[in-house]
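Colleague:
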Amino acid sequence: MSKKLKYLFFICIGLSIVAGFFITHEHVHFWWEKIPAFDAIFGFLGCIIIVIVSKALGHSWIQKDEDYYD
Amino acid sequence: MIDVVPPAFIFIFGALLLPFLRERRLRQLFQLLIPVIAFIDLLYMHNGTYWVYNFLGYDLILGRVDKLSMVFGYVFVIVAFLGMTYALHIREFGQHVAAFLYIGSTLGVTFAGDLFTLFVFWEIMAVSSVFLIWYRREKAALDAGFRYIMVHIFGGCVLLAGIIIHITNTGDTSFSVIEYGGLGSKLILIGFIINAAVPPFHAWLSDAYPEGTITGSVFLTAFTTKSAVYVLLRGFSGVEILIWLGAIMAIYGVVYAVLENDIRRLLAYHIISQVGYMVCGVGLGTEMAINGASAHAFSHILYKALLFMGMGAVIHVTGKRKMTELQGRGLYKKMPITLSLYMIGAFSISAVPLFNGFISKTMIVAAAGELHRPIIHLLLHLASIGTFLHTGLKLPYGTWFGKSNGETGIIEEELEAKEPPLNMLIAMAMAALLCIITGVYPKVLYDLLPFTVSYHPYTPQHVVSMMQLLLLTGAAFWLYIDKLGGEPTISVDTDWFYRKPGVFILWLCSHPLQDIRLRLQRAFTGMVTNVAGLSKNPVLIPEIIVRNIQLKIYTILYHNSEPPENKLKKIDEVKYKINVLKEISYNEHIYRRPIGAGVLLAIAFLFLYGLIYFIKIN
Numbered sequence: 001m002s003k004k005l006k007y008l009f010f011i012c013i014g015l016s017i018v019a020g021f022f023i024t025h026e027h028v029h030f031w032w033e034k035i036p037a038f039d040a041i042f043g044f045l046g047c048i049i050i051v052i053v054s055k056a057l058g059h060s061w062i063q064k065d066e067d068y069y070d
Numbered sequence: 001m002i003d004v005v006p007p008a009f010i011f012i013f014g015a016l017l018l019p020f021l022r023e024r025r026l027r028q029l030f031q032l033l034i035p036v037i038a039f040i041d042l043l044y045m046h047n048g049t050y051w052v053y054n055f056l057g058y059d060l061i062l063g064r065v066d067k068l069s070m071v072f073g074y075v076f077v078i079v080a081f082l083g084m085t086y087a088l089h090i091r092e093f094g095q096h097v098a099a100f101l102y103i104g105s106t107l108g109v110t111f112a113g114d115l116f117t118l119f120v121f122w123e124i125m126a127v128s129s130v131f132l133i134w135y136r137r138e139k140a141a142l143d144a145g146f147r148y149i150m151v152h153i154f155g156g157c158v159l160l161a162g163i164i165i166h167i168t169n170t171g172d173t174s175f176s177v178i179e180y181g182g183l184g185s186k187l188i189l190i191g192f193i194i195n196a197a198v199p200p201f202h203a204w205l206s207d208a209y210p211e212g213t214i215t216g217s218v219f220l221t222a223f224t225t226k227s228a229v230y231v232l233l234r235g236f237s238g239v240e241i242l243i244w245l246g247a248i249m250a251i252y253g254v255v256y257a258v259l260e261n262d263i264r265r266l267l268a269y270h271i272i273s274q275v276g277y278m279v280c281g282v283g284l285g286t287e288m289a290i291n292g293a294s295a296h297a298f299s300h301i302l303y304k305a306l307l308f309m310g311m312g313a314v315i316h317v318t319g320k321r322k323m324t325e326l327q328g329r330g331l332y333k334k335m336p337i338t339l340s341l342y343m344i345g346a347f348s349i350s351a352v353p354l355f356n357g358f359i360s361k362t363m364i365v366a367a368a369g370e371l372h373r374p375i376i377h378l379l380l381h382l383a384s385i386g387t388f389l390h391t392g393l394k395l396p397y398g399t400w401f402g403k404s405n406g407e408t409g410i411i412e413e414e415l416e417a418k419e420p421p422l423n424m425l426i427a428m429a430m431a432a433l434l435c436i437i438t439g440v441y442p443k444v445l446y447d448l449l450p451f452t453v454s455y456h457p458y459t460p461q462h463v464v465s466m467m468q469l470l471l472l473t474g475a476a477f478w479l480y481i482d483k484l485g486g487e488p489t490i491s492v493d494t495d496w497f498y499r500k501p502g503v504f505i506l507w508l509c510s511h512p513l514q515d516i517r518l519r520l521q522r523a524f525t526g527m528v529t530n531v532a533g534l535s536k537n538p539v540l541i542p543e544i545i546v547r548n549i550q551l552k553i554y555t556i557l558y559h560n561s562e563p564p565e566n567k568l569k570k571i572d573e574v575k576y577k578i579n580v581l582k583e584i585s586y587n588e589h590i591y592r593r594p595i596g597a598g599v600l601l602a603i604a605f606l607f608l609y610g611l612i613y614f615i616k617i618n
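If you read the sequences in order, they're chains A and B. Numbering-wise, the first sequence is residues 1 to 70 according to my numbering. Numbering-wise, the second sequence is residues 1 to 618 according to my numbering.
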C-alpha cells in the first residue's frame, strides 16, 4: 500500500512537470514564469529553505523550554 | 416586504434572551435559529444607508450596506451558524451569550457607517471575545485572556485617539476612505492592524487563540482579524506600507509554524500568515486585489473554522494538545472522519485546486503580478509553500500518524479515542462542504465581491503551477519528515516584550512600591490610633500630656547614663500611670464636677472673649 502510494506520488510529480511544458502562458508578468518547471523547483527549494532557516532560527534563538515564562 | 433590522441587534437580542431559555432543546434550537434569522435579514438588505440616528449632533449610522460590507456580513453569519452547531453540546449558556455578543458586535463593525459606531462595536468585540478564552478556566487561559484584553484595550485606545484627531481635523465622522498621512490616520491604522495581528502587534493572537475553549476558539478565528481586514479594505486600500507588512506577515507566520508544537497554536500562526495575504491585498489596492482580499477572507473564515474544529475535536476526545504527545499513537485509526474533514480544510488553506483557497489566494498573488511586484509575488509564493508544509502535511502527520519521540525510545500506547460528538462532526462536514462548493463553483463567491471579477482561477497555467508547487513541497517534506516532528519547546515572540518585563513591573509593584505603601499606611494608622486613643477620654488629655512630658524629660536627662534607683522607680511609675490613664474611658458619673464641666467651659470662653475684647479696645 505504502509503496503504491509512493509510486503514485512520483507519477503525479512527473505528470505535473511534463504538463508544464505543454501549457500556454497567458498572463506572464515575470521572466521566470516562462520556465516550464519553475514552480516545481521553487516549491522544492523553497520548502527546504523554509525548514532550514526556521529551524536554525528556532534552535539558536526563538525556541525555549516550555516553562520559560513560568 | 419584511422590515429589516440591523443584523448586529439580532445577535445581541439573542444574547440577552438566551439565559432565560431553561429547556435545553429549546435553547439549542434558539442558538441555531438566530443565525438563520440574521441570514434571512441579510438577504432582504439592499444597498444604501439605513438606521441613521442623531446623537449629540453627530450622525450614527448603523447600516451602511454595499457589496463590501455584504460579503463580510454573509460569511460572518454563515460561520456563526457553523460555530453554533459545533458548540451545541455545551451546556454552559455563558459561553453562548459571549459568542452571540461577539458575533453581533462584529456585524456592528461590518455595517457601521461612522467612526463612533465602529468604535463602540469594536470595544464590545474585544470585551465579549475574551470570555471565550476565560471560560476554559485554566490558569494559562486566564493569563492569556488578560494579556489578550490588555492588548485590545490598548488597541482600542489608539483607535479612539486616532478617531478623535481625525474628526477634529476633518470634521467628518463618516467611515470611508481615510486619507493616509496625518497623525490621526496613522493612529487609526495602528488600531486596525493591532486587530489584524500585523507584526509586531500580532503576538496576542498566537498567545490567546490556542488557550480558548474548544468551541470558543472557532469563533475567535473568524471574527476579530477578518473584521480588521474589512475595516482596512474600507479605509486604507492602496496604502503602500500594508503591501510589505502583509508579505512579511505571511512569511512570519510560516517561520513560527515550523517551530510550533501546540496543534492549535500552529494553526494560529497560520491565521497570521493567511491574514498577511489579505493585508497585502489591501495594500495593493487594485480592484482585483480588493476582490482577492475579500474573497480570501471569505474562504479563510470557512477553512480556518474547519481546521480549528478538527484540532478542537482532537483535543476534545484526547485531552492532549501537543504534537509530542500525539504523534505515533495511532489516532488515525480512531478518528478517520475527523481526519478526512480536517484534510479538506488543509487542502483548502493550501490552495489545492477545487478547494476554496485556490480560487481566492491565487487572486491576490495574481494581483501582485499584475502590478509587477516581483518580490511580493515571490514572498507570497513562498508562504504558500509553508502553508501546505505545515497545515497540510506536518500537522496532520504529527497529530494522526507520525512516530513517537525517538529520543525516549519508548513506544507509547495507542490513545483511547473516538470520533467527537455528532454536532461537531456535522458542523465540520458543513464547513467542508462549503469549502468545496465555493472551490468547485467559484461564481457563487465571485458574484458577491465588491467589483466585477475578470479573474479565471482554473486556467491550465494556474492549475499546473500550483500542482507543481504543492507536489514538490510534499517531496521536500518527505526528505525532512524525521526532523519536522514536534519539539517540546515554546517559541518566544513579540509578547516577550510585555511578558518578561511584565514580571519585573510586577516585582516593582509588589516589593518596593508595596513597601512604601505599607510604611505610609503604618504611619497614618499610628497617628489615627493615637488620636482615637485620646478621644476615648478627652478629659484626661491634659494629664496624659503632662505625664508624657514628664517621661520625656526623664529620658532626655538620663539618655546616656543609667538613672539612679529611685528615679528608675519613678519612671516606671509614670509609665504605668500613663497606661492606666489611657485605659480609663469616659464616664460622666466619675467626672461630674460641682459646677459641671459645661459651666466651667462657658466661663472660660467668656473670660477669653473678654480678654480679647479688652486688648482690642486698648
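All C-beta atoms in this analysis are idealised placements derived from N, C-alpha and C, irrespective of residue type, glycine included.
For VAL441(B), count the other beta carbons within 10 Å of its own beta carbon; 16 or more makes it buried, fewer makes it exposed. Which is it?
Modeller: The question names Val, yet the displayed sequence has Tyr at residue 441(B). Flag for TYR441(B) reads exposed.
Colleague: Residues in its own chain within less than 8 Å of PHE111(B) by CB, not counting five upstream and five downstream?
Modeller: PRO6, PRO7, ALA8, LEU62, GLY63, ARG64, VAL65, SER69 and GLY73
Colleague: Of the residues that make up the stretch 463-482 of chain B, which ones have a beta carbon closer than 9 Å to any beta carbon in chain A?
Modeller: Flagged, chain order: VAL463, VAL464, SER465, MET466, MET467, GLN468, LEU469, LEU470, LEU471, LEU472, THR473, GLY474, ALA475, ALA476, PHE477, TRP478, LEU479 and TYR480.
Colleague: In the DSSP output, what is PHE619(B) paired with across the bridge?
Modeller: Given a span of 1 to 618 for chain B in the structure shown, any question on residue 619(B) remains unanswerable.
Colleague: Let's test the definition: count the other Cβ atoms within 10 Å of the Cβ of PRO19(B) and tell me whether it reaches 16, buried, or not, exposed.
Modeller: exposed
Colleague: Tell me which residues share the same chain as PRO210(B) and place their Cβ nearer than 6 Å to its Cβ, disregarding the 5 neighbours each side in the sequence.
Modeller: ASP262, ARG264, ARG265 and ALA268
Colleague: On the DSSP letters alone, give me the boundaries of the alpha helix (DSSP H) that ILE571(B) sits inside.
Modeller: 565-583
Colleague: Give a yes or no on whether the minimum CB-CB distance between GLN514(B) and chain A is below 8 Å.
Modeller: For GLN514(B), the answer is no, since every Cβ of chain A falls outside 8 Å of its Cβ.
Colleague: Okay, do the stretch 310-329 of chain B and the stretch 235-245 of chain B touch, 3+ Cβ pairs below 8 Å being the bar?
Modeller: no
Colleague: Just how far apart, CA to CA, sit THR213(B) and ILE41(A)?
Modeller: 41 Å
Colleague: Do you know offhand how far LYS186(B)'s Cα is from GLY162(B)'s?
Modeller: When only Cα atoms are considered, LYS186(B) and GLY162(B) end up about 7 Å apart.
Colleague: By DSSP's criteria, THR49(B) is part of a beta bridge. Which residues make up the other side?
Modeller: ARG64(B)
Colleague: Between GLY253(B), ILE190(B) and VAL254(B), which lies nearest to ALA228(B) when the distance is taken from Cα to Cα?
Modeller: ILE190(B)
Colleague: Any idea what DSSP makes of GLN521(B), helix, strand or coil?
Modeller: helix
Colleague: For a contact meaning CB atoms closer than 7 Å, what does ILE62(A) contact in chain B?
Modeller: LEU259, SER491 and VAL492
Colleague: Suppose only complete runs of 4+ residues qualify. What are the alpha helix (DSSP H) ranges in the stretch 168-233 of chain B, listed by chain order?
Modeller: Runs found: 183-195 and 203-208.
Colleague: Could you give the C-beta distance for ILE248(B) and PRO199(B), rounded to a whole number, given that I count them as a contact under 8 Å?
Modeller: Contact between ILE248(B) and PRO199(B) holds: CB atoms are separated by about 7 Å, below the 8 Å threshold.
Colleague: Under 8 Å between C-beta atoms, does ILE35(A) make it to chain B?
Modeller: no
Colleague: Please look up how many angstroms separate the CB atoms of HIS296(B) and THR387(B), rounded, as I've assumed it's under 8 Å.
Modeller: At roughly 12 Å, the Cβ-Cβ gap does not stay under 8 Å, so HIS296(B) and THR387(B) are not in contact.
Colleague: Candidates VAL317(B), LEU378(B) and ARG147(B): which alpha carbon is nearest GLU416(B)'s?
Modeller: VAL317(B)
Colleague: Could you say which of LYS4(A), CYS12(A), PHE22(A) and PHE10(A) lies nearest to GLN461(B) if we only look at CA atoms?
Modeller: PHE22(A)
Colleague: Going straight from the alpha carbon of GLY598(B) to that of ASN548(B), what length do you get?
Modeller: Going from the Cα of GLY598(B) to the Cα of ASN548(B) covers about 27 Å.
Colleague: Among THR224(B), GLU260(B), LEU471(B) and VAL36(B), which residue has its Cα nearest to the Cα of SER75(A)?
Modeller: Any question about residue 75(A) goes unanswered here, given that chain A covers just 1 to 70.
Colleague: Under 7 Å Cβ-Cβ, which residues of chain A neighbour ILE385(B)?
Modeller: GLY43, GLY46, CYS47 and ILE50
Colleague: Flag this pair as yes or no: are the beta carbons of LEU284(B) and ALA367(B) separated by less than 8 Å?
Modeller: yes
Colleague: Looking only at its own chain, which residues have a Cβ that is under 8 Å from the Cβ of ILE364(B), when we skip the five neighbours before and after it?
Modeller: TYR277, MET278, CYS280, GLY281, LEU284, ALA289, GLY292, ALA293, HIS296 and LEU380
Colleague: What residues from the stretch 358-377 of chain B come within 8 Å of chain E, judged by C-beta to C-beta, listed N to C?
Modeller: You won't find chain E in this structure, because its protein chains are A and B.
Colleague: Note down, in chain order, each residue of its chain lying with its Cβ closer than 7 Å to the Cβ of GLY184(B), except the 5 sequence neighbours on either side.
Modeller: GLY162, ILE165, HIS166 and ASN169
Colleague: Along chain B, which residues have their Cβ under 9 Å away from the Cβ of ILE11(A)?
Modeller: Proximity of chain B to ILE11(A) at the Cβ level (cut-off 9 Å) is not reached, the minimal Cβ distance being about 10 Å.
Colleague: Provide the residue span of the beta strand (DSSP E) that contains ILE490(B), from first to last.
Modeller: 489-491
Colleague: The ligand FAD and TYR613(B): does any heavy atom of the ligand fall closer than 7 Å to the residue's C-beta?
Modeller: Of ligands this structure carries none, so the ligand FAD is not represented either.
Colleague: Just to confirm before moving on: does the CB-CB distance between LEU306(B) and GLY345(B) stay below 8 Å?
Modeller: Result yes, Cβ atoms of LEU306(B) and GLY345(B) sit closer than 8 Å.
Colleague: Can you name the start and end residues of the alpha helix (DSSP H) that LYS616(B) belongs to?
Modeller: 596-617
Colleague: Specify, as a first and last residue, the run of the beta strand (DSSP E) that GLN327(B) falls within.
Modeller: Segment: none, GLN327(B) is in no beta strand (DSSP E) and carries neither H nor E.
Colleague: So ALA19(A) contacts chain B; which residues on that side make the cut at Cβ distance below 9 Å?
Modeller: PRO460, VAL463, VAL464, MET467 and GLN468
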